[in-house]
Amino acid sequence: MNAVTLAESMANIGNIGQAAPAATEAPKVQLNPAQPEPAPTRPLSVWLGAAMRAAIPPLLGLVLFVGLWALVSQASPQLPGPGKTWASAVQLFSDPFYRKGPNDQGIGWNILASLQRVGIGFGMAALVGIPLGFMIGRFDFLNRMTAPIISLLRPVSPLAWLPIGLLVFKAANPAAIWVIFISSIWPMIINTAVGVNRIPSDYMNVAKVLNLSEWKIFTKILFPAVLPHMMTGIRLSIGVAWLVIVAAEMLTGGVGIGFWVWDEWNNLNVEHIIIAIFIVGIVGLLLEYALIMLARRFSYE
Amino acid sequence: MEKYVQVENVRMVFNTKKGPFVALRDINLNIRQGEFVALIGHSGCGKSTLLNLVAGLTLPSAGAMFCAGREIAGPGPDRGVVFQNHSLLPWLTCFENVHLAVERVFGRAESASSLKKRAHEALALVGLTHAEHKHPHEISGGMKQRVGIARALSMQPKVLLLDEPFGALDALTRAHLQDELMKITAETKSTVVMVTHDVDEAVLLSDRIVMMTNGPAATIGEILRVDLPRPRERLALANDPQYHEYRGAVLDFLYRRQLRPAA
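Order-wise, the sequence lines are chains A and B. Counting the first sequence from 1 gives a position; my numbering is that position plus 5. Counting the second sequence from 1 gives a position; my numbering is that position plus 1153.
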């Protein structure tokens, strides 16, 4: 209100001996001298500068890493250097989807086979873990009931579960999926339960005052409030799942990136092993990035 | 109705790690239908505790409480609560926040369109029709509090309970919302219980001011009847000797008789 009256009085002052429309425009400029000019087109050089500043540190890091690698590979002749590995990678990825029998398939098939196992194992873990997390967080009795079991089983190394899987399922593939399932379920249970516990008491008071049904509490309050925690759990889980798949496949064999690493070790093809390390890293990065995007899509702030 | 809200010999004891803590004792209070009652006292005197008891969010350790002849056994939509920190759900728009309350109270008896109409009307009552489809983080603190009031009013509660609703707002916004609240309660003839620590707010809005002694074991020290004619005008009251007398009486209670040694 004060601003309006001030603007009006300024307009009146400016009005003396001037045309009205020009006068109403003039004081605006005087009032906001600090306001930036309308739609300034920033010069290209500024954008380029910003892009350079953002890109230089990570690029420098990568260059240093590759340089160090090249140095080490020169000192120890068994380790292939960056150049040799790159050449091998170009050859490998020129035909990623070939099939020459069950134990010799293109790198693309291997990656897809691993992703499929992770997808199934992780998906089942999410289907079980997230609802379980909600119930543990919502009902204190259940929380205290399951706490000792979770604390006991969570620190167990993922591969310790493999024999149990082989015993129960009597096949390698379901056993690998089982390992993914059991090792990636914990972050989802725990984070979801913590999320439910950490819901601000204000929201629960709203639920109480409005006398909402348990279903409405779930859909309108619990679920949206817990979603960020849940997404963190999912992200950690998929990280674990992808971490574990390589090890599990090394032991179970078949088709998959882990098996492929072991196969190439038996062939003493060290370039391929290094390539596999990069593949595992990049795919893990992409999975994580996809989930961060998904989480951002669902955040309400 | 002379005893619309009844609080009889209520005592509230919290079990803490250091043993039982008596927050309230011997609380007796009757509130008429359509009355505006303010609870005032120093912080820690249990005025919010008393409001939560009326809301049914906590149950008294001893004593009885009734609202419109029925015992208060838990929270219910007949008592609309406006919380100090608005407590809107951040993932719902203003409209959806109000609609959630409307749906719960009238959902069984009324059609979807009439439920929407109620939500629209409640928001129009607090002058927020233009912000219906905004999320809480997109609007100012005063607007959030108004949505909170709209949500509480939309349930057509028998009693409106306000827990320091304007405490977190700046002075100008607070004054503006106080005026609006006066208009709304005059229009809806609501019964209101409001917790406040603002003496001017209490005198301006209330029919009676319930002044509480300091805790622990706080109780009602004195009840002041405010006989100022309605509608009340903030500017006119500023020079009204009667207003200043009431104000003086509350200040005297708070700062002479109940002055806290610390804090």
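In this text, a Cβ means the ideal position worked out from N, Cα and C, and glycines have one as well.
For PHE1219/B, collect the residues of the same chain with a Cβ closer than 6 Å to its Cβ; drop the 5 residues on either side in sequence, then sort them by chain order. Numbered from its first residue, the second sequence carries residue 1219/B at position 66. Excluding sequence neighbours, PHE1219/B sits near GLN1159.
Chain A contacts made by the region 1195-1229 of chain B, where a contact means CB separation under 7 Å: ALA1208, LEU1210, PRO1228 and GLY1229
Chain A within 8 Å of PHE1259/B, Cβ atoms only
The count along the second sequence starts at 1 and reaches residue 1259/B at position 106. No, PHE1259/B lies away from the interface with chain A (no Cβ there is under 8 Å from its Cβ).
* Candidates ILE112/A, LEU296/A, GLY259/A and LYS105/A, of which the one nearest PRO179/A by Cα -> As a working note, residue 179/A is residue 174 in the first sequence. If we check each option's Cα against that of PRO179/A, GLY259/A comes out closest.
Query - Residues that PRO229/A contacts on chain B, provided the C-beta gap is smaller than 9 Å - result: If you number the first sequence from 1, residue 229/A lands on position 224. Here the neighbours are LEU1242, PRO1243, TRP1244 and LEU1245.
**Prompt:** At a Cβ cut of 8 Å, what residues of the region 141-157 of chain A count as close to chain B, listed as they run along the chain?
**Reply:** So the list is empty, because no residue satisfies the distance condition.
For this session: Express the C-alpha separation of VAL68/A and PRO38/A in angstroms, rounding to a whole number.
Result: Position 33 of the first sequence, counting from 1, holds the residue named residue 38/A. Position 63 of the first sequence, counting from 1, holds the residue named residue 68/A. Any reading at PRO38/A must be qualified, since the residue scores a pLDDT of 46, below 50, and its modelled position is unreliable; the value itself is stated next. Near 47 Å, if we compare the C-alpha coordinates of VAL68/A and PRO38/A.
*For PHE1406/B, which of GLN1395/B, ILE1376/B and ALA1389/B has the nearest alpha-carbon?*
In the second sequence, residue 1406/B corresponds to position 253, counting from 1. With distances taken between Cα atoms, PHE1406/B lies closest to ILE1376/B.
Q: Excluding the 5 residues preceding and the 5 following ALA1176/B in the sequence, name in chain order all residues of the same chain whose CB lies nearer than 8 Å to its CB.
A: By 1-based counting over the second sequence, the position of residue 1176/B is 23. Cβ neighbours of ALA1176/B beyond the five flanking positions: MET1165, VAL1166, PHE1167, GLY1199, THR1202, GLY1368, PRO1369, ALA1370 and ALA1371.
### Separation of SER1267/B from ARG1257/B, as counted between CA atoms
Along the second sequence, read from residue 1 onward, the residue named residue 1257/B stands at position 104. Along the second sequence, read from residue 1 onward, the residue named residue 1267/B stands at position 114. Spanning the two alpha carbons is a distance of roughly 13 Å.
Measuring only the C-alpha atoms, how far is GLU30/A from TRP52/A? In the first sequence, the residue the question calls residue 30/A occupies position 25. In the first sequence, the residue the question calls residue 52/A occupies position 47. With a pLDDT of 41 at GLU30/A, under the threshold of 50, the predicted position of this residue should be treated as unreliable, though the coordinate-derived value follows. In a straight line, the C-alpha of GLU30/A is about 33 Å away from that of TRP52/A.
For this session: Flag this pair as touching only if the region 277-286 of chain A and the region 218-227 of chain A have three or more C-beta atom pairs under 8 Å; answer yes or no.
Result: no
Would you tell me roughly how many angstroms separate the C-alpha atoms of GLY1233/B and ASN202/A, rounded to the nearest one?
For this step, residue 1233/B is matched to residue 80 along the second sequence. For this step, residue 202/A is matched to residue 197 along the first sequence. Going by C-alpha positions, GLY1233/B is about 26 Å away from ASN202/A.
| message | Pairs of beta-carbons, one from the region 204-218 of chain A and one from the region 1225-1240 of chain B, closer than 8 Å: are there three or more? | response | yes
Unbroken beta strand (DSSP E) run spanning LEU1177/B, endpoints:
Sequence index remark: in the second sequence, residue 1177/B carries index 24 (1-based). Run containing LEU1177/B: 1172-1184, per the beta strand (DSSP E) assignment.
Classify LYS1342/B: buried if its beta carbon has 16 or more other beta carbons within 10 angstroms, exposed otherwise. In the second sequence, residue 1342/B corresponds to position 189, counting from 1. It is exposed - the Cβ of LYS1342/B has fewer than 16 other Cβ atoms within 10 Å.
So with Cβ pairs under 8 Å, would you call ASN108/A a contact of chain B? Position 103 of the first sequence, counting from 1, holds the residue named residue 108/A. No, ASN108/A does not count as interfacial toward chain B.
GLY1374/B: first and last residue of the uninterrupted beta strand (DSSP E) it sits in:
In the second sequence, the residue the question calls residue 1374/B occupies position 221. It spans 1373-1378 - the beta strand (DSSP E) in which GLY1374/B sits, taken as one unbroken run.
Item to complete: With a threshold of 16 other CB atoms inside 10 Å of the CB of MET1365/B, please say whether the residue is buried or exposed.
Response: Reading the second sequence from its first residue, position 212 is the one you call residue 1365/B. Answer is buried; the Cβ neighbour count reaches 16.
_Quick check: the region 262-274 of chain A against the region 237-247 of chain A, are at least 3 beta-carbon pairs closer than 8 Å?_
no
Check your understanding: Checking contacts by CB at 8 Å: is VAL211/A closer than that to chain B?
Key -> Position 206 of the first sequence, counting from 1, holds the residue named residue 211/A. Yes, VAL211/A lies at the interface with chain B (some Cβ there is under 8 Å from its Cβ).
**Study point:** Presumed contact (8 Å Cβ cut-off) between THR1344/B and HIS1286/B, rounded CB distance
**Key:** By one-based count along the second sequence, residue 1344/B stands at place 191. By one-based count along the second sequence, residue 1286/B stands at place 133. At roughly 32 Å, the Cβ-Cβ gap does not stay under 8 Å, so THR1344/B and HIS1286/B are not in contact.
Where do the ends of the beta strand (DSSP E) carrying ASN1168/B lie?
Looking up residue 1168/B in the second sequence gives position 15. Residues 1158-1169.
Rounding to the nearest angstrom, what Cα-Cα distance links GLU1354/B and ALA1284/B in this structure? Numbered from 1 along the second sequence, position 201 holds the residue referred to as residue 1354/B. Numbered from 1 along the second sequence, position 131 holds the residue referred to as residue 1284/B. Spanning the two alpha carbons is a distance of roughly 27 Å.
Worksheet entry | Given 8 Å, three or more beta-carbon pairs between the region 97-116 of chain A and the region 155-175 of chain A | No, they do not touch.
Item checked: 7 Å CB neighbourhood of SER1307/B in its chain, flanking five on each side removed -> For this step, residue 1307/B is matched to residue 154 along the second sequence. Cβ within range, chain order: VAL1251, ALA1254, VAL1255, ARG1271, ALA1272 and ALA1275.
* Among the residues of its own chain, which have a CB less than 6 Å from the CB of ILE1225/B, if the five just before and after it don't count? -> Position 72 of the second sequence, counted from the start, is the residue given in the question as residue 1225/B. Non-local C-beta neighbours of ILE1225/B in its own chain, meaning closer than 6 Å and more than five positions away in sequence, comprise GLY1209 and MET1218, ordered along the chain.
Report task. Would you verify that the beta carbon of LEU69/A is, or is not, closer than 8 Å to some beta carbon of chain B? Result -> Residue numbering aside, residue 69/A sits at position 64 when the first sequence is read from its first letter. No, LEU69/A lies away from the interface with chain B (no Cβ there is under 8 Å from its Cβ).
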